[in-house]
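Numbering (the working numbering), first residue to last: 148 to 492. Each residue gets a CB set at the ideal place from its N, CA and C atoms; glycine is no exception.
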């Protein structure tokens, strides 16, 4: 991958947001995980494979890249700093440009034939490890392979990765990033030490959003509201900030809870976010509804009957979204049916 690929043209890149490899500024959050990696590295008994798990957009890839830089700049492990942080030096510059010879990143590749990114990480991508590890590393240096994310591996690619993990080259570390680790092969999980990263705290998230163009015009109250809805995910916050999903969601909830809902407003809302070009906005809206349902199900003081009703709505929504995706159903009908159920609850 070239520097341009990493900064702009990854399949899930956000406009105006640097790739985790090229991020600047302080590394925010996950102090315990950073300290654990630094301690293991300094001990001289560094485990060869780490599974970094947690919700999407909380900084798993950022941690993996900063840890790789930490290893590269500290060949004498016993003299390495006690913490992993972002250091603006030549090592970081090489990683940011995709040019560090000791770093291999496996992601969904670009398909020249279709002029699109592929929908998975295939076995050919994993086989790149053969060439990467087939050449001798400079004496005393470390090599790092980042899989971002392992959720995208095909079955064949996962099995190929497993073979590499079973016989790792010396002074090699794998960072296996996973949003949903339960979906990985149990044999891959068993060969990794797991670091379960938690969503960022609200203040950490607000710090991470500083200087992001998407939130530049927001008031403090609007930023706090955004942080609360983002659930500790920087990516989700940026997506929400750049869409009308929050306004749509708040209109939806207002009418769900109103004694006399405005059906005209609901039909207008459903039409607006159901057109094909608004697929991302629809997905964010549905995520916010899931969060709302979760609060209803687990809320303090809710009766068993109430929780049962809201759980049924959750399950019905899952089925509706699954049918919509499988049968190309109308998104508008999903929203209207959902509103009808929630308003009646």
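Top-ranked residue by Cα proximity to residue i, from the options
i: residue 190; options: 221, 168, 212; result: 221
i: residue 177; options: 196, 162, 211, 159; result: 211
i: residue 244; options: 490, 165, 348, 480; result: 165
i: residue 404; options: 291, 345, 342, 492; result: 492
i: residue 493; options: 208, 361, 249; result: Coverage of the chain is limited to positions 148 through 492, which leaves residue 493 absent and any answer about it impossible.
i: residue 257; options: 488, 364, 159, 370; result: 159
i: residue 318; options: 379, 250, 356; result: 250
i: residue 326; options: 320, 340, 344; result: 344
Residue i to residue j span [Cα, whole Å]
i: residue 472; j: residue 430; result: 11 angstroms
i: residue 456; j: residue 447; result: 15 angstroms
i: residue 188; j: residue 328; result: 24 angstroms
i: residue 268; j: residue 353; result: 32 angstroms
i: residue 195; j: residue 433; result: 39 angstroms
i: residue 407; j: residue 439; result: 20 angstroms
i: residue 436; j: residue 237; result: 45 angstroms
i: residue 172; j: residue 228; result: 18 angstroms
i: residue 293; j: residue 333; result: 19 angstroms
i: residue 214; j: residue 288; result: 14 angstroms
i: residue 486; j: residue 476; result: 17 angstroms
i: residue 262; j: residue 322; result: 28 angstroms
i: residue 296; j: residue 358; result: 27 angstroms
i: residue 386; j: residue 454; result: 30 angstroms
i: residue 241; j: residue 232; result: 16 angstroms
i: residue 314; j: residue 399; result: 53 angstroms
i: residue 425; j: residue 416; result: 12 angstroms
Anticipated Cβ contact below 8 angstroms, residue i with residue j, distance rounded
i: residue 482; j: residue 421; result: 7 angstroms
i: residue 449; j: residue 443; result: 7 angstroms
i: residue 335; j: residue 199; result: Not a contact, Cβ separation roughly 13 angstroms.
i: residue 383; j: residue 377; result: 5 angstroms
i: residue 347; j: residue 205; result: 6 angstroms
i: residue 311; j: residue 266; result: Not a contact, Cβ separation roughly 23 angstroms.
i: residue 381; j: residue 363; result: Not confirmed; about 15 angstroms, so no contact.
i: residue 305; j: residue 230; result: With a Cβ gap of about 33 angstroms, residue 305 and residue 230 do not count as contacting.
The beta strand (DSSP E) enclosing residue i, as first and last residue numbers
i: residue 128; result: Nothing can be reported for residue 128: it is not among the residues displayed for the chain, which extend from 148 to 492.
i: residue 410; result: Not the beta strand (DSSP E): residue 410 falls in the alpha helix (DSSP H), residues 410-419.
i: residue 200; result: 196-200
i: residue 290; result: 290-294
i: residue 355; result: Counting along the chain, residue 355 falls outside any beta strand (DSSP E), though it belongs to the alpha helix (DSSP H) covering 349-356.
i: residue 174; result: Per DSSP, residue 174 belongs to no beta strand (DSSP E) and is neither H nor E.
i: residue 251; result: 250-253
Residue i burial status per 10 Å Cβ neighbour count (16 or more: buried)
i: residue 338; result: buried
i: residue 217; result: buried
i: residue 465; result: exposed
i: residue 246; result: exposed
i: residue 254; result: buried
i: residue 463; result: exposed
i: residue 302; result: exposed
i: residue 170; result: buried
i: residue 209; result: buried
i: residue 389; result: buried
Extent of the continuous alpha helix (DSSP H) to which residue i belongs
i: residue 363; result: Segment: none, residue 363 is in no alpha helix (DSSP H) and carries neither H nor E.
i: residue 478; result: 478-491
i: residue 444; result: 426-445
i: residue 422; result: Where residue 422 is concerned, there is no enclosing alpha helix (DSSP H), given that its DSSP letter is neither H nor E.
i: residue 386; result: 381-388
i: residue 451; result: 451-474
i: residue 393; result: 392-404
i: residue 319; result: Taken as a continuous stretch (DSSP letters only), residue 319 belongs to no alpha helix (DSSP H), being part of the beta strand (DSSP E) at 319-325.
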